[in-house]
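In the numbering used here, the protein residues as written are 19 to 355.
Every residue gets a Cβ at the ideal spot worked out from N, C-alpha and C, and that includes glycine.
Bear in mind the structure is a predicted one, so any value in this text is a computation, not a measurement.
Contents: one structure, followed by commentary.
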Ligand SMILES: NC(=O)c1ccc[n+]([C@@H]2O[C@H](COP(=O)([O-])OP(=O)(O)OC[C@H]3O[C@@H](n4cnc5c(N)ncnc54)[C@H](OP(=O)(O)O)[C@@H]3O)[C@@H](O)[C@H]2O)c1
C-alpha cells in the first residue's frame, strides 16, 4: 500500500463491531494502526486471536495486532490520530485521558451518533476533535471476529463546519480501512441522521418491532410523526442546515405517504440496534439521541414532550422496570400528553 502523505500513527480505541471492522481492514492493508481495549485481558485475547472480518467488502485478516489496554498507552509514543470507536457514554468518559495521548496538532475522531462530537469539542476544544458518522453497518460475532453488513462509508468533518486540511489528511489516512468522505456541513449530516435515530430506531426498540411493524398501527404512526417533527423543529431552530442523506430530512407539506415509503424502503425491516442493547441488558445511547434532542429543545424553547417521554421510557427499560412491547406506543402517547 502506498501513502501519498506520511502515514498517520493511528490508535483505534474500542475494538467492537465498528472499531474491529475498520481495524482489520486497515491493518491488513498495511496502515500503522494500534488498538486499545478497555482491559489488559481483552487485549491479550486479541493479540492471541488476531482479527478477521467477513461480509460486504470481502474477507480480511490481521494476524499480528498491536493491542493493549487504553491506560497502557500513557507512556507510549504519541499518536497523530485517535479514532474513538466506543459507545457514546464510554467515549465521553475516555476522551479526556485519550486527548493526552495525542501529538501536537493531532486529532481525536469521534464516530458516535448524536451529540458526542459536539459535546467533546466543547470540552476538549475544536482544534482537537473531529466529528464523524458511520453509515457502514457492522456486527461483532465474537471478540476478534467481525462482519461488515453493507458497503457504507465514514463521513467526517469539522464540528464547527467547513473543510480543513486536517480532515482531508485524516480521510486519506483511513482510506485503506474504510471508504472515507469529508463534509463541510457535519452538523447538518449529524442532525439528518439523528432525526432517523430518534424516530426509526428508538421507537422500534421500545415497541420491539421494526419500523414497518409499528407503522402499521395508528399509535405507531402518531408517535413516529410527533417525535420526528419535534426533532426536526429542534434542528431547524438551532440554525442547522440539514443535509440530504438517503431521504429528504424535511418531509413534504401535506401528504407524507411517499416520503414515509422511502424511509420504509431503506430502514423499515431493520432490527433496531437499541433493541439488541435492551435484550442484552446493556446501557443504550438514548441520552445522546432522544435525550440530546430533548436537552437541545429545552435550551431553544422547542416543545419536546415525545422525545422526553421516549428518553424516560428507555431508561425504565434499562432499569428493568418495564419491557419493550408494542403496548409501549400507547404508553408514550399517554405520557407525552
Ligand atoms: N456497529 C455499527 O454498525 C455502527 C454503525 C453506525 C454507528 N455506530 C456507532 O459507533 C459506536 C460504536 O459502535 P459499535 O457497534 O462498534 O459498539 P460495540 O460493538 O459495543 O464496540 C464498542 C467497543 O468499545 C469498547 N470500549 C468501551 N470503553 C472503552 C474504553 N474506555 N477503552 C477501550 N475500549 C472501550 C467496548 O469494550 P467492552 O465490551 O469491554 O465494553 C467494545 O469493544 C457507537 O456509538 C454506535 O452507535 C455503530
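Verify the contact flag: residue 18, CB atom, against every heavy atom of ligand 1, threshold strictly below 8 Å.
Only positions 19 to 355 of the chain appear in the structure, and residue 18 is not among them; the question remains open.
When burial is assigned at 16 or more other CB atoms within 10 Å of the CB, is residue 317 buried or exposed?
Indexing the chain shown from 1 puts residue 317 at position 299. Counting Cβ neighbours within 10 Å, residue 317 comes out exposed, since fewer than 16 surround it.
Tell me whether residue 287 is buried or exposed, calling it buried when 16 or more other Cβ atoms sit within 10 Å of its Cβ.
Sequence index remark: in the chain shown, residue 287 carries index 269 (1-based). Flag for residue 287 reads exposed.
Where does residue 280 sit, in a helix, a strand or coil, going by DSSP?
Here the question's residue 280 lines up with position 262 in the chain shown. In this structure, residue 280 counts as helix in the three-state DSSP scheme.
I'd like the span of the alpha helix (DSSP H) that includes residue 210, first residue to last.
On the chain shown, residue 210 is found 192 positions in, with the first residue counted as 1. That run of the alpha helix (DSSP H) goes 204–214.
Here's the rule: buried if 16 or more other CB atoms are within 10 angstroms of the residue's CB, otherwise exposed. What is residue 80?
In the chain shown, residue 80 corresponds to position 62, counting from 1. Its Cβ being crowded by 16 or more others within 10 Å, residue 80 is buried.
Might you give, ordered along the chain, the residues of its own chain that have their beta carbon closer than 7 Å to the beta carbon of residue 97, omitting 5 neighbours on each side?
The residue labelled residue 97 in the question sits at position 79 within the chain shown. 27, 28, 29, 119, 120, 121 and 124, listed in sequence order.
Could you say which of 35, 215, 25 and 101 lies nearest to residue 131 if we only look at CA atoms?
Counting from 1 along the chain shown, the entry for residue 131 is found at position 113. Checked all of 35, 215, 25 and 101; the closest Cα to residue 131 is 215.
Would a C-beta distance cut-off of 9 Å place residue 281 and residue 265 closer than the cut-off?
For the purposes of this step, residue 281 is taken as residue 263 along the chain shown, with counting starting at 1. For the purposes of this step, residue 265 is taken as residue 247 along the chain shown, with counting starting at 1. Yes, the pair counts as a contact, with Cβ atoms nearer than the cut-off.
Under 8 Å from any heavy atom of ligand 1, does the C-beta of residue 158 make it?
Working through the chain shown from its first residue, we reach residue 158 at position 140. Answer for residue 158: yes, Cβ within range of ligand 1.
Give me the Cα-Cα distance between residue 47 and residue 40, rounded to the nearest whole angstrom.
Residue numbering aside, residue 47 sits at position 29 when the chain shown is read from its first letter. Residue numbering aside, residue 40 sits at position 22 when the chain shown is read from its first letter. Whole-angstrom Cα-Cα distance: 11 Å.
Let me check you understand the geometry: is the CB of residue 126 closer than 8 Å to at least one non-hydrogen atom of ligand 1?
Start at 1 with the first residue of the chain shown, and residue 126 comes out as number 108. Checking every heavy atom of ligand 1 against the Cβ of residue 126, none is found closer than 8 Å.
Rank 242, 178, 82 and 236 by C-alpha distance to the C-alpha of residue 223 and give the top, closest one.
For the purposes of this step, residue 223 is taken as residue 205 along the chain shown, with counting starting at 1. Checked all of 242, 178, 82 and 236; the closest Cα to residue 223 is 242.
Going along the chain, which residues of its own chain have a beta-carbon closer than 8 Å to the beta-carbon of residue 301, five neighbours each way excluded?
Counting from one through the chain shown, the residue named residue 301 turns up at place 283. Result list for residue 301: 105, 107, 295 and 336, in chain order.
Out of 77, 87, 75 and 73, which one is the CA nearest neighbour of residue 63?
Looking up residue 63 in the chain shown gives position 45. Among 77, 87, 75 and 73, the Cα nearest to that of residue 63 is on 87.
So does residue 105 have its beta carbon nearer than 8 Å to some heavy atom of ligand 1?
Residue mapping note: residue 105 aligns to position 87 of the chain shown, counting from 1. Yes.
Would residue 203 pass as a contact of residue 259 if the rule is Cβ separation under 9 Å?
In the chain shown, the residue the question calls residue 203 occupies position 185. In the chain shown, the residue the question calls residue 259 occupies position 241. Against a cut-off of 9 Å, the Cβ pair of residue 259 and residue 203 comes out as a contact.
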